[in-house]
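Okay, so the sequence shown: first residue is 32 according to our numbering, each after it adds one.
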Amino acid sequence: MDINNILDNAPDQGQDIIITGAMRESLRISARWAKFISLTLLIVMSLALLFSLLLSGVFSSSMGINPLRIIGMGAGGGLSLLISIVFLVAFYAVNIYHYQFATKAQAALRANDQQGMADSFQSLQTYYLIAGIMFAVFVGLYVLGILFGLFAAMLG
């Protein structure tokens, strides 16, 4: 089949999408799982923040030199705490949009609300946008780390 023929016979952009009963059920199940996953990740991230606070205390007490004694943590503890907080805030920002998609989709399906469903898909779009950017940044950091490791290995 010719791709141009498919595109020419596609419905107009302004035409409404019809959601069948099977599609509605799939959306309902997907929203339920999205809510479960996002709530689980919020709990895990809260525990990770707690453990990063505990580890920063361990690092600061194990270092002989404590330049940040005034605030109660050493340089190693402060750095690990800062890195942990930055990553947790970034993951929290992504996860909150995932949770918003789930709750808005569930409410829209219960009330048969077209605007609510549109809002839920907007949250899902934002979730994937931020997650995609974060993925690209992490891949870039891994590539830089590998290149740095190769360069360090070549130097000796």
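Glycine included, each C-beta is placed from N, C-alpha and C at the ideal position.
Between Leu-70 and Leu-140, which are expected to be in contact by the criterion C-beta below 8 Å, what is the C-beta distance as a whole number of angstroms?
Residue mapping note: residue 70 aligns to position 39 of the sequence shown, counting from 1. Residue mapping note: residue 140 aligns to position 109 of the sequence shown, counting from 1. So it is not a contact: roughly 18 Å between Cβ atoms.
Nonlocal neighbours in the same chain, by C-beta distance under 8 Å from Phe-169, ignoring five residues either side
In the sequence shown, counting from the first residue as 1, residue 169 sits at position 138. Cβ neighbours of Phe-169 beyond the five flanking positions: none.
Residue of Asp-47, Leu-112, Ala-121 and Ile-116 minimising C-alpha distance to Ala-162:
Position 131 of the sequence shown, counted from the first residue, corresponds to residue 162. The option with the nearest alpha carbon to Ala-162 is Ala-121.
Are the Cβ atoms of Met-165 and Val-117 separated by less than 8 Å?
Taking the first residue of the sequence shown as position 1, residue 165 is located at position 134. Taking the first residue of the sequence shown as position 1, residue 117 is located at position 86. It is not a contact, given that the beta carbons lie outside the stated cut-off.
Phe-132 beta carbon less than 8 Å from that of Ala-65
The sequence position of residue 65 within the sequence shown is 34, counting from 1. The sequence position of residue 132 within the sequence shown is 101, counting from 1. For Ala-65 and Phe-132, yes; Cβs fall inside 8 Å.
Am I right that Ala-167 and Leu-119 are in contact with their C-beta atoms under 8 Å? What's the rounded C-beta distance?
The sequence position of residue 167 within the sequence shown is 136, counting from 1. The sequence position of residue 119 within the sequence shown is 88, counting from 1. Rounded, the Cβ-Cβ distance is 19 Å, inconsistent with contact.
Under the rule that 16 or more other beta-carbon atoms within 10 Å means buried, what is Tyr-158, buried or exposed?
The residue given as residue 158 occupies position 127 in the sequence shown. Tyr-158 is buried by the Cβ-count criterion.
My guess is that Lys-135 and Ser-115 are in contact by the Cβ rule of under 8 Å, so how many angstroms apart are they, rounded?
As a first step, residue 135 is located in the sequence shown; it is residue number 104 there, counting from the start. As a first step, residue 115 is located in the sequence shown; it is residue number 84 there, counting from the start. The pair is not a contact, with the Cβ atoms about 30 Å apart (cut-off 8 Å).
Which of the three DSSP states is assigned to Asp-47 in this structure?
What you label residue 47 is simply residue 16 of the sequence shown in a count that begins at 1. If DSSP states are grouped into helix, strand and coil, Asp-47 belongs with coil.
Using three-state DSSP, classify Asn-143 as helix, strand or coil.
For the purposes of this step, residue 143 is identified with residue 112 of the sequence shown, where counting begins at 1. Coil at Asn-143, not helix or strand.
State the DSSP-derived secondary structure class of Gly-180, mapped to helix, strand or coil.
The residue you call residue 180 lines up with position 149 of the sequence shown. Note: Gly-180 maps to helix in three-state DSSP.
Suppose contacts are defined by Cβ-Cβ distances below 8 Å. Is Gln-156 in contact with Ala-62 by that definition?
What you label residue 156 is simply residue 125 of the sequence shown in a count that begins at 1. What you label residue 62 is simply residue 31 of the sequence shown in a count that begins at 1. No. Outside cutoff.
Would you tell me roughly how many angstroms separate the C-alpha atoms of Gln-146 and Leu-160, rounded to the nearest one?
By one-based count along the sequence shown, residue 146 stands at place 115. By one-based count along the sequence shown, residue 160 stands at place 129. Answer to the nearest angstrom: the Cα atoms are 21 Å apart.
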